[in-house]
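Okay, so here's the structure we're looking at.
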Amino acid sequence: MREQETIYTIPVNDAFHAEGTLCPLCRLEATTDSNLIEYYLGPSLMEPDVRQTTNEKGFCRNHLTRMYNSQENRLGLGLMLHTHLLEQQKRILALLQEAGGTERQGGFFARKPQEREAAAIAADLAAISTSCVICERLDYTMGRYYDVVFWQYFHNTEFAELFDKGPPFCLPHLAELVKAAGTSLKRADRKTFFDRLRERQGAKLEGLAADVEWFTLKFDYRNRDKPWGESKTALARAIRTLEGDSELT
Ligand SMILES: [Zn+2]
Ligand SMILES: [Zn+2]
């Protein structure tokens, strides 16, 4: 492992060591996400280079909502939103002007925008809303974490055991893991990794389906007095396994 990657090892190990039924990568992502929100609402927002980035890229709906709802540093959030708005205002108005078209030289009517042009302008407007400095950093950091996961899986027996026996990966993270393994692992390691991943995930999914089934069977009056076992949390675990961590009440 390269020297700079060692700083990514602790959060990975914490997430895989944690107790509970949550996907370890959901846990890892949630911690990283909270740290990034804290960072952007912290003293960093007064640093000119940070502000230059937030002015340019802004935040997505999810992250702005979470920053606002955290109730932390509303002044800081206000300062960031102010300069971001000033910068984006110019882009938004320029795009709208482009959508309106320019008058043809010598022509009487303003040129009507072609449908393709309007769609392209709409895409640029939508991109202002979805562009997010936290999402970008989160993607980058998760990429480094995947490298650490793979490195440890093949160089650290204790970690490999932890990985194999942990809770199931949610489907979105399973997809990310497969994608990352495809680019990071050597062919021979890939075979080992995917075989073991399949075995691990298969057993977990089977157990989960059985728990969900028992949940439904508990509604049968004949099973009323039988124990719930692990089924009480089965629906929430199934939803989290299919879709990733979500705020279920
Ligand atoms: Zn997950
Ligand atoms: Zn975001």
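Numbering (this note's numbering), first residue to last: 248 to 496. Even for Gly, the Cβ is constructed at its ideal location relative to N, Cα and C. Note that the coordinates shown come from a computational prediction; the quantities given were computed from them, not determined experimentally.
Can you tell me where the alpha helix (DSSP H) holding tryptophan 398 begins and where it ends?
Residues 380 to 402.
Could you spell out the range, first to last residue, of the alpha helix (DSSP H) harbouring leucine 292?
No alpha helix (DSSP H) holds leucine 292; DSSP gives it neither H nor E.
Sorry if obvious, but does the Cβ on histidine 310 come closer than 7 angstroms to a heavy atom of ligand 2?
Yes, Cβ of histidine 310 sits closer than 7 angstroms to a heavy atom of ligand 2.
Out of curiosity, what's the CA-to-CA distance linking proline 360 and leucine 342?
For proline 360, the predicted structure reports a pLDDT of 49, less than 50, and the residue's modelled location is therefore unreliable. The matter cannot be settled from this model.
Please report the straight-line C-alpha distance between cysteine 273 and leucine 332, rounded to a whole angstrom.
Spanning the two alpha carbons is a distance of roughly 32 angstroms.
Please classify phenylalanine 466: is it buried, with 16 or more other beta-carbons within 10 angstroms of its beta-carbon, or exposed?
Exposed.
Does the beta carbon of aspartate 567 fall short of 7 angstroms from some heavy atom of ligand 1?
Here the chain comprises residues numbered 248 to 496, so residue 567 is not present and cannot be evaluated.
Is there contact between the segment 450 to 466 and the segment 385 to 392, where contact requires at least three CB pairs shorter than 8 angstroms?
Verdict: no, contact absent.
Classify threonine 463 as helix, strand or coil using the three-state DSSP reduction.
Three-state result, threonine 463: helix.
Give the C-beta separation of leucine 288 and leucine 322 to the nearest angstrom, bearing in mind that I take them to be a contact with Cβ-Cβ under 8 angstroms.
Rounded, the Cβ-Cβ distance is 10 angstroms, inconsistent with contact.
For arginine 503, which of helix, strand or coil comes out of DSSP?
A query on residue 503 cannot be resolved here, the shown segment of the chain reaching from 248 to 496 and no further.
DSSP three-state label for alanine 265, please.
It is coil, neither helix nor strand.
Whose C-alpha, out of His264, Ala485, Thr463 and Arg434, is nearest the C-alpha of glutamate 408?
The candidate whose alpha carbon is nearest that of glutamate 408 is His264.
Could you say if the segment 444 to 455 and the segment 298 to 313 meet the contact criterion of at least three C-beta pairs nearer than 8 angstroms?
Judged by Cβ distances under 8 angstroms, the segment 444 to 455 makes no contact with the segment 298 to 313, as fewer than three pairs qualify.
Applying the criterion that 16 or more other CB atoms from any shown protein chain within 10 Å of the CB defines a buried residue, is aspartate 280 buried or exposed?
Answer is buried; the Cβ neighbour count reaches 16.
Taking only beta-carbon positions, decide if valine 395 is within less than 8 angstroms of chain C.
Note that chain C does not occur in the displayed structure, where there is just one protein chain.
Count Cβ pairs between the segment 386 to 406 and the segment 425 to 443 that sit closer than 8 angstroms; are there 3 or more?
In short, these stretches touch, since the Cβ pair count reaches three.
So, using beta-carbon positions, are proline 419 and threonine 488 closer together than 8 angstroms?
No, these two residues do not count as a Cβ contact at 8 angstroms.
Within 10 angstroms of the Cβ of alanine 262, are there 16 or more other Cβ atoms? Answer buried if so, exposed if not.
Counting Cβ neighbours within 10 Å, alanine 262 comes out buried, since at least 16 surround it.
Please report the residue range of the alpha helix (DSSP H) in which threonine 330 lies.
Taken as a continuous stretch (DSSP letters only), the alpha helix (DSSP H) holding threonine 330 covers 321 to 347.
Please confirm whether arginine 437 and alanine 427 have their CB atoms less than 8 angstroms apart.
The answer is no: Cβ separation not under 8 angstroms.
Please state the DSSP three-state secondary structure of glycine 476.
Glycine 476 falls in the coil class under three-state DSSP.
Measuring straight from C-alpha to C-alpha, what distance separates threonine 330 and alanine 367?
Whole-angstrom Cα-Cα distance: 26 angstroms.
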